[in-house]
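*Asks:*
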Amino acid sequence: MKCKEIIQILNRQSPEAYALEWDNVGLLVGRREKQVKRLLLAVDATAPVCQYAIDNEIDMIVTHHPMIFSKLRKINDDTVLGNKILSLAEAGIACFAMHTNFDTIGGMAKEAARMLDLKNTEVLDETMSGEGVGRLGILSRAMTVRQLAECVKRTFELQNVVVYGDIDRLVEKIAISPGSGKSVIDVSVSKQAECLITGDIGHHEGIDAVEMGLCVIDASHYGLEKIFLQFMYQYLKDFCPDVEIIIADTGAPFVIV
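Numbering of the sequence shown is given in my numbering, commencing with residue 971 and proceeding in unit increments.
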């Protein structure tokens, strides 16, 4: 298949038009006419991921987070980003990102809510045409925050999470927003969620959320968003039978010691 044909398939699932205005999605490196026989899925186009693609003759990388985010004035090997761009281009490897379009169109949060078996789900923070960031739903049974934290760890195969709030509080109405959830604290409170499951919650955001009556389970940015890999693997293999699809699960970019 050609790169442009795979892009059409990806855009059927998460149209680029649904990306938030500050985002940078789509074909970031490469030629649309590139023939793709081997495709690599990754959350981030890190240097090891790019090197793996080069060493293993990958034709196209599909990531969740954009490798190129801000405007570039130069592309050379003086910077880590410049070196990655040059290395991929020289190897003829295309790199495609589907970020907030995958989030808003119901990929990431919808899948996370399904995995937690949330009922009566709705969009948490609507951004356009009934779509948006996060999901709000009801647990199949009320449980303590402690029990919910253990459920999150099992469901998303995590060793640990960080909890803000009363760990013995009984909760049932849950907001979930994979990635960085600082921006959805207010809307979670306004929609009377009792606990928010997300990532990237800092000291002050955690304190503020608790004082507003919201418990928070921080499962880390990568901890929830790694579900992108299996989701897209299952999606693409049905539409690209002649393409070998490989998952680059590099693990969380940190360790807790």
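Backbone N, C-alpha and C fix where the C-beta goes; we use that ideal spot for every residue, glycine too. Everything numeric in this text was worked out from a predicted model, so none of it was measured.
#1: Rounding to the nearest angstrom, what Cα-Cα distance links residue 1033 and residue 1178 in this structure?
#2: Got a sec? Which residues, its chain only, sit under 6 Å from residue 996 by beta carbon, not counting five neighbours each side?
#3: Strictly by DSSP, which residues pair up with residue 1150?
#4: Going by CA-CA distance only, name the one from 1047, 1164, 1195, 1085 that's closest to residue 1181.
#5: What separation, rounded to the nearest whole angstrom, lies between the Cα atoms of residue 1171 and residue 1152?
#6: Touch check for the region 1002-1018 and the region 1027-1046: three-plus C-beta pairs under 8 Å?
#7: Could you give the residue range of the alpha helix (DSSP H) that holds residue 1078?
#8: Do you know how far the Cα of residue 1114 is from the Cα of residue 1002?
#9: Helix, strand or coil for residue 990? Go by DSSP, reduced to three states.
#10: Quick check on this structure: which residue in 1222, 1108, 1064 has the alpha carbon closest to the alpha carbon of residue 976?
#11: Say whether chain B places a C-beta atom closer than 8 Å to the C-beta of residue 1149.
*Replies:* Looking at the atomic coordinates:
#1: Stepping through the sequence shown from its first residue, residue 1033 is reached at position 63. Stepping through the sequence shown from its first residue, residue 1178 is reached at position 208. Spanning the two alpha carbons is a distance of roughly 33 Å.
#2: Sequence index remark: in the sequence shown, residue 996 carries index 26 (1-based). Contacts found: 986.
#3: Start at 1 with the first residue of the sequence shown, and residue 1150 comes out as number 180. For residue 1150, which the question treats as bridged, DSSP gives the partners 1169.
#4: As a working mapping, residue 1181 is identified with position 211 in the sequence shown. Selected option, being the one with the closest Cα: 1164.
#5: Within the sequence shown, the letter at position 201 stands for residue 1171. Within the sequence shown, the letter at position 182 stands for residue 1152. Cα to Cα, the separation comes out at about 6 Å.
#6: yes
#7: By 1-based counting over the sequence shown, the position of residue 1078 is 108. It spans 1078-1085 - the alpha helix (DSSP H) in which residue 1078 sits, taken as one unbroken run.
#8: Within the sequence shown, the letter at position 32 stands for residue 1002. Within the sequence shown, the letter at position 144 stands for residue 1114. Roughly 50 Å between the two C-alpha positions.
#9: Locating residue 990 in the sequence shown gives position 20, where the first residue counts as 1. Of the three classes helix, strand and coil, the one that applies to residue 990 here is coil, per DSSP.
#10: Here the question's residue 976 lines up with position 6 in the sequence shown. Ranking the options by Cα distance to residue 976, first place goes to 1064.
#11: In summary, chain B is missing from the structure at hand, where a single protein chain is found.
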